[in-house]
Amino acid sequence: MICNVGNEKVDEVATNCFQLFQKHIPYNMLVIVENDTEFKLNVCEKRINQNDKTKRTIENQYTSGTISKLYKTELSDAFLTTLDFSKLDKTNLEMLYRGYCNAIVQFNSASVTGVFQARNSARTQDDLVMLNQIEDLERDISKLTNQLKAEKQQNQRVTLNIAIHQKRKQIEDIKIKLSQI
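Residue numbers are given in the working numbering: position 24 of the sequence shown equals residue 24, and the series is strictly consecutive.
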């Protein structure tokens, strides 16, 4: 499904569009939010609701970063090549949809590592776990930084600073794992 947002910035309205379509349409779908200069893609893993069989529950949601239509980069070009319908597994609709999910996860991974690599489904799941770890660590760093700003005692500031540096080191280690083949 394509949602054209006119002159609006894609980043500002994409989340609302994704939530609206993915929540209220019970089928797996690739949602594209675009304007004249850029676009974003979104897919979700849905399952049948346990209480109401006519509804679906969103388990995981994968959203690509904003991709420019005007400027090509190696990452976006490789990503769009991976999304080419002729290159996706068309054994059944589930495999096709899984191909879209994997491509978006790999694009997000490439945004961190700088190199787009088409990978198998098992490795994509590993990459997804590592990307989630990076997000968690970045949230922790943000919390620790806010605590550091409010802290008055020097020894506590040093302790918080060490914790921040350890978390940054963990992020770098995860990025190295992501970039390995």
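Ideal placement from N, C-alpha and C gives every residue a C-beta, glycine not left out.
Considered as a whole, the segment 88–153 harbours 93–113 and 121–150 as its complete alpha helix (DSSP H) runs of no fewer than 4 residues, in chain order. By the beta-carbon neighbour count (other beta carbons within 10 angstroms, threshold 16), A103 is buried. Three or more beta-carbon pairs separated by less than 8 Å are not found between the segment 121–128 and the segment 137–155, which leaves the two stretches without contact. At a Cβ-Cβ threshold of 8 Å, S64 and K40 count as neighbours.
The beta carbons of I134 and V158 sit about 25 Å from each other, so the pair does not count as a contact at 8 Å. Residue pairing by DSSP places L41 opposite I32 in a beta bridge.
Taking C-beta atoms as the reference points, A14 and V33 count as a pair closer than 8 Å. Segment contact: the segment 17–31 against the segment 53–67, three or more CB-CB distances shorter than 8 Å; contact assigned. Residue burial annotation: D127 is buried, with at least 16 other C-beta atoms found within 10 angstroms of its C-beta. Across the structure, L93 and T37 are spaced so that their CA atoms are roughly 30 Å apart. About 5 Å separates the Cβ atoms of T57 and R47, confirming a contact at the 8 Å cut-off.
Annotation for R98: S121 place their beta carbon closer than 7 Å to its own, counting only its chain and skipping 5 residues before and after. With respect to the C-alpha of C101, the residue from T145, G114, F79 and A150 having the closest C-alpha is F79. For N35, same chain residues with a beta-carbon under 8 Å away, outside a window of 5 residues either side, are N4, V5, G6, N7, E8, K9 and V10 in chain order. For N60, the uninterrupted beta strand (DSSP E) segment begins and ends at R56 to T63.
Considering only H165, Q156 and G114, the residue with the shortest C-alpha distance to T73 is G114. When DSSP states are grouped into helix, strand and coil, K177 belongs to the helix group. As a beta-bridge residue in DSSP terms, R47 pairs with T57. A straight line joining the alpha-carbon of K87 with that of K152 spans about 58 Å.
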